[in-house]
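Engineer:
There are 2 protein chains.
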Amino acid sequence: MTDTKEKLLDAAERLIGEQGFAATSLRQIISEAGANLASVHYHFGSKDELLEAVVMRRAGPVNDRRLALLDRYEAEVDGAVPVARILEAFLLPMAQAAGSNPQFVRVMGRIVAEGMIRAVIEKNFHTVLSRFATALRKTLPTISDEEFRWRMLFMQGAIAHTMCGTPGNDFEHRILLLVRFLSGGFAAPPAEVK
Amino acid sequence: MTDTKEKLLDAAERLIGEQGFAATSLRQIISEAGANLASVHYHFGSKDELLEAVVMRRAGPVNDRRLALLDRYEAEVDGAVPVARILEAFLLPMAQAAGSNPQFVRVMGRIVAEGMIRAVIEKNFHTVLSRFATALRKTLPTISDEEFRWRMLFMQGAIAHTMCGTPGNDFEHRILLLVRFLSGGFAAPPAEVK
DNA sequence: GTCTATACTGAGATAGAC
DNA sequence: GTCTATCTCAGTATAGAC
């Protein structure tokens with residue numbers, strides 16, 4: 000990777016994490032990176048694709064660790080893995096990545112919260128997301144497909160808001176609290192349909 | 000209210016609900032309203048203040064109904080109101096407002112999700128939000144202040160995502176599911192701190 | 001008081017010279 | 001690969017018509 004390209008990624012990650020995607024201009028990013036405006040479009044194509052590159056640079060290792068954790072938890076039990084364990088396997092690697100790079104977690108939260116490049120995210124995270132959805136579904140066989148889908152959405156919203164909606168860098172702590180809360184939510188009896 | 004002003008509010012509400020705030024340009028709004036660009040700044044001052052006006056036009060009746068419902072539920076019981084009832088009192092009036100105006104609910108979801116004009120929202124909703132926070136706290140006296148604050152945030156994220164992150168207009172149905180999920184979350188035992 | 005026309009600044013994107 | 005110049009479109013501001 001060229002020096003300019005990496006500097007652009009670093010600057011974009013920091014600024015987007017702090018201010019959000021929409022509020023961060025390319026001119027701000029190139030100024031911090033010491034690069035030229037056109038270099039963004041040369042290396043990435045567009046502002047959206049720069050964001051995608053920021054995500055992809057860190058997402059690979061995090062997703063690998065997620066799948067490894069889920070594998071381990073599945074091996075530890077007979078049958079279905081408890082909800083809390085599945086959520087932990089999904090969320091902890093992100094929090095741990097935040098240790099070495101706190102801004103990246105915020106960028107991920109911003110992306111979900113701002114509804115950015117949904118297609119890109121689904122493309123790049125499809126494998127890991129479907130693995131976790133399947134595991135959760137196996138643990139929760141009694142609720143309807145429709146309610147399961149809604150609960151997944153509720154969870155997404157809570158996660159996004161937790162990652163970017165608040166100051167502070169102690170992500171592991173807040174994720175412990177979040178896992179408890181979401182576990183309670185998934186354990187709730189199905190809502191009766193009137 | 001002048002004809003132009005109301006047409007601007009209608010157009011803004013519809014377009015922002017459909018596309019989000021950042022993705023909707025003033026030129027789009029005035030084109031749909033059949034108005035002039037400068038009329039926005041004459042009537043509202045800025046794009047942000049136009050959004051605030053869109054919110055305030057509908058928020059009053061919804062908040063009144065929220066407080067009335069909470070009053071009723073509090074009168075029905077001795078002591079603390081169940082979590083599900085409190086959440087219902089908060090969420091159902093919004094869903095019912097969606098019956099006559101489906102876009103408004105999406106606008107509200109967008110605002111939280113896009114992190115727009117947080118100060119404005121807090122100013123205008125301070126009364127109703129603090130009333131509901133107090134009621135919830137009374138129902139949940141055993142968890143710590145810190146965990147309570149986090150759970151409120153988890154809830155905010157789930158609500159925002161539910162309101163704007165999905166197609167379809169059957170808000171009452173999804174809110175029944177959401178209330179169950181959140182009730183389960185609030186009922187979860189506190190996470191032990193390591 | 002209300003609205004129109006127009007100009008200003010800054011955004012992302014692009015073509016072409018080097 | 002990099003940089004300059006330029007394009008279009010965004011939000012904003014103001015002068016002046018009615």
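Sequence order for the protein chains is A and B. Counted the way numbering that gives the first Met the number 0 counts, the first sequence spans residues 0 to 193. Counted the way numbering that gives the first Met the number 0 counts, the second sequence spans residues 0 to 193. By construction, the Cβ of each residue, glycine as well, lies at the ideal position given by its N, Cα and C atoms. The structure displayed is predicted, hence computed values, not measured ones.
#1: In chain B, which residues lie with their C-beta within 8 Å of the C-beta of A:Q155?
#2: By Cβ distance, which residues of its chain are closer than 6 Å to B:T23, with the 5 residues on each side in sequence left out?
#3: Can you pull the chain A neighbours of B:A21, defined as C-beta to C-beta under 8 Å?
#4: Which term fits A:T161, buried or exposed, when burial requires 16 or more other beta carbons within 10 angstroms of its beta carbon?
#5: So for B:N123, helix, strand or coil by DSSP?
#6: According to DSSP, is A:F43 helix, strand or coil?
#7: Can at least three beta-carbon pairs, one atom from the segment 172–181 of chain A and one from the segment 150–164 of chain B, be found at a separation below 8 Å?
#8: If you follow the alpha helix (DSSP H) that B:V178 is part of, which residue opens it and which one closes it?
#9: Which first and last residues belong to the alpha helix (DSSP H) in which A:S30 is found?
#10: So that I know if they touch, is there some Cβ in chain A lying closer than 8 Å to that of B:R105?
#11: Could you check whether the segment 154–172 of chain B touches the segment 91–99 of chain B, counting it as contact only if at least three pairs of C-beta atoms, one from each stretch, sit closer than 8 Å?
#12: A:D63 by DSSP, collapsed to three states: which one?
#13: Assuming contact is defined by CB atoms lying nearer than 8 Å, are B:G184 and B:E113 in contact in what I supplied?
#14: Please tell me whether A:L195 and A:A11 are closer than 8 Å, where the distance is taken between their beta carbons.
#15: Out of A:L8, A:Q27 and A:E75, state which residue places its alpha-carbon closest to the alpha-carbon of A:R57.
#16: Would you kindly work out how many angstroms separate the C-alpha atoms of A:R136 and A:H125, rounded to a whole number?
#17: From the DSSP output, in three-state form, read off A:I142 for me.
#18: With a threshold of 16 other CB atoms inside 10 Å of the CB of A:E146, please say whether the residue is buried or exposed.
#19: Within 10 angstroms of the Cβ of A:E75, are there 16 or more other Cβ atoms? Answer buried if so, exposed if not.
Structural biologist: Put simply:
#1: Chain B residues near A:Q155: H160 and G164.
#2: Excluding sequence positions up to five before and after B:T23, its CB lies within less than 6 Å of the CB of L14 and I15, all in the same chain and listed in chain order.
#3: Per Cβ cutoff of 8 Å: A21 and E113.
#4: Buried.
#5: In the three-state DSSP reduction, B:N123 falls in the helix class (H, G or I).
#6: Look at A:F43 here: in three-state DSSP terms it is coil, with no helix or strand label.
#7: Contact holds: three or more Cβ-Cβ distances are below 8 Å.
#8: Under the DSSP assignment, B:V178 falls in the alpha helix (DSSP H) whose first and last residues are F170 to A186.
#9: From DSSP, the alpha helix (DSSP H) with A:S30 extends over L25 to A32.
#10: Taking Cβ atoms only, chain A never reaches closer than 8 Å to B:R105, which makes this a no.
#11: They touch, by the three-pair rule.
#12: Note: A:D63 maps to helix in three-state DSSP.
#13: Between B:G184 and B:E113, the C-beta gap is not smaller than 8 Å, which leaves the two residues out of contact.
#14: Within the shown structure, residues of chain A are numbered from 0 to 193, placing residue 195 of chain A beyond reach of any answer.
#15: Closest by alpha carbon: A:L8.
#16: A direct Cα-Cα distance of roughly 16 Å separates A:R136 from A:H125.
#17: Of the three classes helix, strand and coil, the one that applies to A:I142 here is coil, per DSSP.
#18: Flag for A:E146 reads buried.
#19: By the 10 Å Cβ count, A:E75 comes out exposed.
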